[in-house]
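Remarks on the structure that follows.
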DNA sequence: CTGAAAAATGCAAATGAGTTGCATGAAGCG
DNA sequence: CGCTTCATGCAACTCATTTGCATTTTTCAG
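Chains as they are written, first to last, in this note's numbering: chain B, 1 to 135; chain V, 1001 to 1135.
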């Protein structure tokens, strides 16, 4: 974290720990709730911490299908980039196995309308859990 | 449009004409502005028309990288599904050539966390225009 | 150490795309 | 014609996120 030029405060480490132990990317609200469970923190601070971590490349920010974001540890050599599944009923965002997703060929970036900084692949639908509950 | 179970009112046809002549997917606000240019219409009506058209499968609704949506004609046999480029500075959303994007293999949908209804692929970055203006 | 400068946090209020409730108007249909 | 359904308008609301500003807390030169 320090190496990303970000001071390691208690709050920030807690955010990283929470994101690191999550099985899917979390919303800012979920991170906030998880933090509230043991410490007092302001909602805005959570947003700002997430912003810093994203800025520092430690955390990945991806768009859900509902006009909100999810945060998770940034991909690295152990955790390759991957696509996500979004359930439009419950808002769950699940990670998909990386091998199932051919990342777009960096084909002739000269043909791109600009400099590409990141790529998001999201499959939208209804998760099994919701499908059984709302038939 | 009728075949999609949607009454063809003047407003709705106008929305379709605007989306059909756009070179990239438009925001609801852009559609609204374009409509205002020649007729009087309410902002909410635009949202509801877009919603109907999406519901009827005539129009495609995709998420931009900034917590808002863009609307365009739905893919069909002439216009295959494709990825989009989003400029984080100006909000431009450009269509990418379909051949540059291997759509995710519908690999073993049994492994998916649910029923997949649609897929969005978005490349985020800075468009050439903005890169030259904000160096 | 000490004290100014920088960064982090909290609190309240704002932002802005999108949505909802309810009233009015237009279209279909017997 | 009268009734039901759908489409539009208007005002107010929602809600994730952001901003402004005051208040710690940390850093670092002297």
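Beta carbons: idealized from backbone N, C-alpha and C, even for Gly.
Paired residues, beta bridge with residue i - DSSP
i: residue 73 (chain B); result: B:59
i: residue 1116 (chain V); result: B:125
i: residue 95 (chain B); result: B:84
i: residue 26 (chain B); result: B:71
Closest residue to residue i among the options (Cα-Cα distance)
i: residue 37 (chain B); options: B:76, B:95, B:93 and B:14; result: B:14
i: residue 1017 (chain V); options: V:1048, V:1045, V:1059 and V:1051; result: V:1059
i: residue 30 (chain B); options: B:119, B:92 and B:128; result: B:92
i: residue 120 (chain B); options: B:71, B:19 and B:50; result: B:71
i: residue 1009 (chain V); options: V:1033, V:1110, V:1050 and V:1024; result: V:1050
i: residue 122 (chain B); options: B:48, B:132 and B:61; result: B:61
i: residue 1076 (chain V); options: V:1090, V:1098 and V:1130; result: V:1098
i: residue 1087 (chain V); options: V:1033, V:1134 and V:1044; result: V:1134
i: residue 1089 (chain V); options: V:1048, V:1110 and V:1131; result: V:1131
Whether residue i touches residue j by CB criterion (8 Å)
i: residue 56 (chain B); j: residue 22 (chain B); result: no
i: residue 85 (chain B); j: residue 1026 (chain V); result: no
i: residue 82 (chain B); j: residue 96 (chain B); result: yes
i: residue 1127 (chain V); j: residue 20 (chain B); result: no
i: residue 1035 (chain V); j: residue 1046 (chain V); result: yes
i: residue 74 (chain B); j: residue 24 (chain B); result: no
i: residue 1066 (chain V); j: residue 117 (chain B); result: no
DSSP three-state assignment for residue i, whether helix, strand or coil
i: residue 84 (chain B); result: strand
i: residue 39 (chain B); result: coil
i: residue 20 (chain B); result: helix
i: residue 33 (chain B); result: helix
i: residue 79 (chain B); result: coil
i: residue 130 (chain B); result: helix
i: residue 1049 (chain V); result: helix
i: residue 1012 (chain V); result: helix
i: residue 4 (chain B); result: helix
For residue j and residue i, believed in contact at Cβ under 8 Å, the rounded distance
i: residue 1063 (chain V); j: residue 68 (chain B); result: Not quite, the Cβ-Cβ distance comes to about 10 Å (not below 8 Å), so this is no contact.
i: residue 43 (chain B); j: residue 32 (chain B); result: 5 Å
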